[in-house]
Structures are given as C-alpha cells and as structure tokens.
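J.: First, the structure itself, so that you have it in front of you.
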Amino acid sequence: EDRPYEPEEWRRLLQFNDYKGIKNKLVREALMGGVVPGTRVNVHLKAVPSTLRSRPTPVALFSLLRHEHKHTVINMNITVNSSVEEPIKSKEEVIIQCGPRRLVVNPIFSGAGNTPNNVHKFDRYLHPGRSAIASFVGPVTWGAVPVLVFKNQAVKDPEVLDSDEKTINRLELIATGTVVAPDHSRVVAKRAILTGHPFKIHKKVVTVRYMFFNSEDVSWFKALQLWTRRGRS
C-alpha cells in the first residue's frame, strides 16, 4: 500500500533475504588468498586527486567486502552517554565512525525492541542513558561492527584572546553502539493526533466531522485504523 509514497531512491537500495548467510559467505570468500601478514607490499594508486600528496602521512588503506560499496538502510543500536547534557534530536546531524568509515548522517531514532508487525515508534528525542535504533541510508556494513557517534560542538578557545573568532569546533563523543542487520521492511511510525467535532457517539463507534477538508486526505487516511482517546473506532 505504501509503494506509491516511497521515494524513487528507496527502490534502488540493496535488500537482503538472508543477511546472516550472505555475510558468512562473503567473509569466507575474503579470507581466501590475499597477502600473508608481515609482508611488505607496494600499492599503486590510480585516478586519485593530486591533493592526496599534500596530506600528512601515514595514509590508511582498507579494503571492502563484496557489496560494501552499495547503499542500503543501515540500522545501529546506540546508547547515549549518561554524561551528555542535552538529548539528541532525531534528524540532527551527527558524525558516525563505523570501522574505517566516517559518515556524516541525519539518522532517525525508533524503539529498539521487537514487535510482531515490525512497526516501531518514532522517537523525537534520544535522552542520555537511553538506547534506540538509529536508521539512515548508508553503505553496506557486514557484521556487528562497533560504532562511535560524535557531535560537532563549538567551544571556547582559551588561547585566543584578541580575535573575533573565540570558538573552535571539537568532536564530542555522545553515543556508542553496534551495527545490526539492515531491515528494509522496518516501519518507523510517528504518532499523529487528529481533531474534529463529534457528531454521533455509539458504544464502540463514533462519527466525527471536520477532520478532513479535502479528498486527498480522506483517501490517504481511509486505509488506516483511527481510534479516539477512549478506544472507540
């Protein structure tokens, strides 16, 4: 029912029928052959920007498993540090260090528990000491890779006295967690409250007027179950 409302990019994302089985197969594939640890090798780079020469050494190189250059829905189980003073807002820009990769993303938060229909409540804020699932579109990552979540904070620089710019940007560690299996069918539901004028009230059913004012809204909400505060439909 929701396919007409999905973004076009959503259908291009990589989906997995058996994530654990595919991961084990690709890990075994990567362990075959290769270079013995302790061997000196020469790496020749091709089609890279010339600015790479001016960067400080050493330069870290890492390889990717198969499909890790593709994008999918990434889910991470993260816990906010209790020392963080303010809650983290959903869709707020954070910096995630996931293995060798550093990602700048705007994740959304939802409940970390298991539900029968795979529908999870949207969390507008993630408070210190609490855990949640952070979801965003990013490169495929195989396995339960540990992650560090940072936030770019502007702090006062005590060494700058006579300059207009008295603040510097510093990365603050706000949360830690691990990568969980990507779930393309995970539903993050946001609770919405509709208002109207009661017209008829029965034992289990109530008729409410003035809730919608155009046919598009009526058609969209027709397939959804609506309840009043006291449980009437």
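Be aware that the sequence shown starts at 13, since it is given in the numbering used here, and climbs by one per residue.
Beta carbons are placed, not taken as given, at the ideal position from N, Cα and C, and that holds for glycine.
Keep in mind it's a predicted model, so treat the numbers as computed, not measured.
1. Identify every residue that forms a DSSP beta bridge with N54.
2. Given T207, which residues of its chain have a CB within under 8 Å of its CB, disregarding the five upstream and five downstream residues?
3. Please classify R136: does DSSP put it in a helix, a strand, or coil?
4. What residues in its chain sit with their C-beta under 7 Å from that of V200, if we drop five residues either side in the sequence?
5. Under DSSP, the alpha helix (DSSP H) around F233 begins and ends at which residues?
6. Which of the three DSSP states, helix, strand or coil, is assigned to T240?
7. Quick one: what's got a C-beta closer than 8 Å to N87's C-beta in the same chain, skipping five residues either side?
8. Please classify T63: does DSSP put it in a helix, a strand, or coil?
9. Do L185 and N93 have their CB atoms nearer than 8 Å?
10. Are the segment 21-30 and the segment 67-75 in contact at 8 Å, needing three or more beta carbon pairs?
11. If we call anything under 8 Å between Cβ atoms a contact, is N118 one with E104?
12. Is L115 closer than 8 Å to G150 when the C-beta atoms are compared?
T.: On the basis of the data shown:
1. BP columns for N54 are empty, so no partner.
2. M223
3. The answer is coil: DSSP assigns R136 none of H, G, I, E or B.
4. I120, S122, H132, F134 and S147
5. S227 to F233
6. coil
7. Close CB contacts of N87 within its chain, under the 8 Å cut and outside five residues either way in sequence, are with I145, A146, S147, V191, V192, A193, P194, D195 and R198 (chain order).
8. Reduced to three states, the DSSP call for T63 is helix.
9. yes
10. No: the two stretches stay apart, fewer than three of their Cβ pairs being nearer than 8 Å.
11. yes
12. yes
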